[in-house]
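S.K.:
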Amino acid sequence: MAVYTHVSAEALADFLMRFDVGELVSAKGIAEGVENSNYLVDTTGGRFFLTLYEKRVDVGDLPYFMALLDHLDAKGLPVPPAIKDRTGIEILELAGRPTCLIKYLSGVSPSHPTPQQAQAVGVALGRMHRAVADFEPIRANSMGVESWRPLFERCGADLDQIRPGLYDETARLVDQVLKNWPVQGALPRCAIHADLFPDNVLMRGDKVTGLIDFYFACTDFRAYDLAVTHTAWAFDATGTHRNDSVGQALVEGYRATVSLTESELVALPALARGACLRFFLSRAWDWLNTPADALVTRKDPLAYLRRYEHYMTGNVFA
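In terms of this note's numbering, the sequence shown is numbered consecutively and its last residue is 1375.
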């Protein structure tokens, strides 16, 4: 979450009149994340999130995201669907941006996950994958394997501004990952979250109360979703230290809910290296291109190169 587009109190109050949520009491911009502009909004009728979708989100993808959230909500998953206005519309416009008013979910994102919390998240991810078995819409992964070399090329020699020699190092990693990536159809596919970091999970103690920020959701290998989540949960923020008890608990929770195939188990290390490359590249692009005046916290891209090295030293998932 972040704030790129600023909304006046007057404009927000007028916008809220389209909903049955009461009158505006307060609104606060949220700085975490890098994708959209987000506000925590309190009204006389309750608390909500307001999300304004920035240029990085294709407005044409929003119906997919909203349909997925509605589907998961109907299946009993703890997700935040959009609030419909009085005419039944979910996606509106505010300050020149596509905008949704989102259901507020309580809970706290864990900053230092425990094995018990990781196991609960693994179970929740597995439940999500089971719940989408009858979800028919398909969305290609806009940040999937086909995008990594083009994104690397767009970053180009500017990568050396982050660290000298990083351009050549990244070129070698791109070649490695693409050479070892599973072929289309090799593994089971479904709708995946693709970004289930700790800050996209809300918890009360060891209980998951919210899976949020589905704006990278897509159709891809389900084991890739597990790999992405492992890279995010099983390391400290710098990517230096690996917590095997957390990583193992995450996988155990998932496998208690979903039976992984032998092919998926074999592919997990390669999928995790791909996840590391994907997040390194997107973070590097953001590091090099985030506007100086944006209310947003940039994330260290090198933390994902350090994770990559862990997945090269043996089967972390064993």
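In this text, a Cβ means the ideal position worked out from N, Cα and C, and glycines have one as well. Computed from a prediction, not measured in an experiment: that's the story for all the values here.
(1) Specify the secondary structure class of residue 1246 as computed by DSSP and reduced to three states.
(2) I need the straight-line Cα distance from residue 1201 to residue 1335, nearest angstrom please.
(3) With 16 as the cutoff for other CB atoms within 10 Å, does residue 1029 come out buried or exposed?
(4) CB-CB under 8 Å to residue 1197, same chain, minus the five flanking residues each way: which ones, in chain order?
(5) Note down, in chain order, each residue of its chain lying with its Cβ closer than 8 Å to the Cβ of residue 1378, except the 5 sequence neighbours on either side.
(6) Taking DSSP's pairing of strands, which residues face residue 1150 in a bridge?
(7) Drop a sphere of 10 angstroms on the beta-carbon of residue 1074, count the other beta-carbons inside from all chains shown, and report buried for 16 or more, exposed for fewer.
(8) Evaluate residue 1163 with the Cβ neighbour count: other Cβ atoms within 10 Å of its Cβ, from every protein chain shown; 16 or more gives buried, anything less gives exposed.
(9) What number of angstroms, rounded off, separates the C-alpha of residue 1329 from the C-alpha of residue 1284?
(10) Since residue 1303 and residue 1179 are thought to touch, with beta carbons under 8 Å apart, how far apart are those beta carbons, to the nearest angstrom?
(11) Starting from residue 1251, trace the beta strand (DSSP E) both ways and give me its first and last residue.
(12) Quick one: Cα of residue 1241 to Cα of residue 1173, how far?
M.R.: According to the structure shown:
(1) Residue mapping note: residue 1246 aligns to position 189 of the sequence shown, counting from 1. Residue state, collapsed to three classes: strand.
(2) Working through the sequence shown from its first residue, we reach residue 1201 at position 144. Working through the sequence shown from its first residue, we reach residue 1335 at position 278. Using only the alpha carbons, I get a separation of about 8 Å.
(3) In the structure displayed, the chain extends from 1058 to 1375; residue 1029 sits before or after that span and is not available.
(4) For the purposes of this step, residue 1197 is taken as residue 140 along the sequence shown, with counting starting at 1. These residues qualify, in order along the chain: 1275, 1276.
(5) Any property of residue 1378 remains undetermined from this structure, which presents the chain solely from 1058 to 1375.
(6) If you number the sequence shown from 1, residue 1150 lands on position 93. Looking at the DSSP assignment, residue 1150 forms a beta bridge with 1155.
(7) Position 17 of the sequence shown, counted from the start, is the residue given in the question as residue 1074. So residue 1074 ends up on the exposed side.
(8) One-based indexing of the sequence shown puts residue 1163 at position 106. Looking at its Cβ environment, which holds fewer than 16 other Cβ atoms inside 10 Å, residue 1163 is exposed.
(9) What you label residue 1329 is simply residue 272 of the sequence shown in a count that begins at 1. What you label residue 1284 is simply residue 227 of the sequence shown in a count that begins at 1. If you take the alpha carbons of residue 1329 and residue 1284, they lie about 5 Å apart.
(10) For the purposes of this step, residue 1303 is taken as residue 246 along the sequence shown, with counting starting at 1. For the purposes of this step, residue 1179 is taken as residue 122 along the sequence shown, with counting starting at 1. A Cβ-Cβ distance of about 10 Å is found for the pair residue 1303 and residue 1179, leaving them out of contact under the 8 Å criterion.
(11) Locating residue 1251 in the sequence shown gives position 194, where the first residue counts as 1. Taken as a continuous stretch (DSSP letters only), residue 1251 belongs to no beta strand (DSSP E), as it is neither H nor E.
(12) Start at 1 with the first residue of the sequence shown, and residue 1241 comes out as number 184. Start at 1 with the first residue of the sequence shown, and residue 1173 comes out as number 116. Going by the C-alpha atoms only, they are around 34 Å apart.
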